[in-house]
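Working notes, beginning with the structure itself.
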Amino acid sequence: MTFIGMISDYKSFENVKDVLKKNRNNDINLIHICKKSISNIKNIRFETVIIDNNLDEFKEEILLMKNICFNAKFIVINSDINIKIPEYIKNEKLITYGLNQRATVTISSVTESSILIYLQRKLENIEGKTVDIGEKRIDINEESRLKIYEILIIYIIFLIKSNPIMKQIMEKSNFFEKN
4 MTFIGMISDY KSFENVKDVL KKNRNNDINL IHICKKSISN IKNIRFETVI
54 IDNNLDEFKE EILLMKNICF NAKFIVINSD INIKIPEYIK NEKLITYGLN
104 QRATVTISSV TESSILIYLQ RKLENIEGKT VDIGEKRIDI NEESRLKIYE
154 ILIIYIIFLI KSNPIMKQIM EKSNFFEKN
């Protein structure tokens, strides 16, 4: 089982969790990291830690955050939030996402029915295989309530994971539809 920790507001966490659950990702256990939960999850070894909010609320728990991030294989950070990347996050683990030009994963085009996501730098997935630079068109349902950042987070999780179910879902390109 894969553990992914997500530092975000609760609504974004639930939206990402719903999409992962809808797409039968039972091997992923998404855990919301917040001030209340951090002391209870300090011994969990996360494969990926997603930082979608500022880390100001964790000033008192800096040692716990340092340990959680140090042991993670991937650190995914929203590059659009005003955050100074802590020194304990190694650059080879870092994947950035956002709407700015320097993010690893960004949006190159948005329409009412689709989004064009651009991977600007090669990544190494969980199996050690290289994911090449390129664009992927994602069709989105009109009723989808997902934010752009949530779509980027889900896309990055799918890039990192490399099991056959993930590949099938990515090929469908409509995995962001809400039921």
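One gets the working numbering by counting positions in the sequence shown from 1 and adding 3 to each.
We put the CB at the ideal spot given by N, CA and C, even for glycine.
These figures come from a predicted structure and were not determined experimentally.
Within the DSSP secondary-structure output, Met9 pairs in a beta bridge with His35 and Ile53. Under the three-pair Cβ rule at 8 Å, the segment 14 to 34 does not count as touching the segment 63 to 72.
Residue range Ile151 to Ile163 is occupied by the alpha helix (DSSP H) that includes Glu153, with no beta strand (DSSP E) assigned at that position. Nearest to Asn70 by C-alpha distance, out of Ile44, Ser82 and Asn57, is Ile44. Here the alpha carbons of Ser42 and Leu155 stand approximately 28 Å from one another.
Looking at the DSSP output, Val108 sits in a beta bridge with Tyr100 and Leu122. Within its own chain, the residues whose Cβ lies closer than 6 Å to the Cβ of Lys38, once the five positions on either side in sequence are excluded, are Glu60, listed in chain order.
Annotated three-state conformation of Asp83 is coil, per DSSP. Ile10 and Ile34 have their alpha carbons spaced roughly 9 Å apart. Nearest C-alpha to Arg148 among Thr107, Phe6, Asn128 and Val19: Val19. Ile163 and Glu127 have their C-alpha atoms some 7 Å from each other. One alpha carbon belongs to Phe6, the other to Ser165, and they sit about 15 Å apart.
Lys69: member of the alpha helix (DSSP H) spanning Ile65 to Asn74, first to last residue. In this structure, the beta-carbon distance from Asn81 to Asp12 does not fall below 8 Å.
Distance between Ile88 and Asp142, taken at the CA atoms: about 32 Å. Cβ neighbours of Ile36 within its own chain (closer than 7 Å, five residues either side excluded): Gly8, Met9, Ile10 and Ile44.
DSSP, reduced to helix, strand and coil, places Glu145 outside both helices and strands of the structure shown, so it counts as coil.
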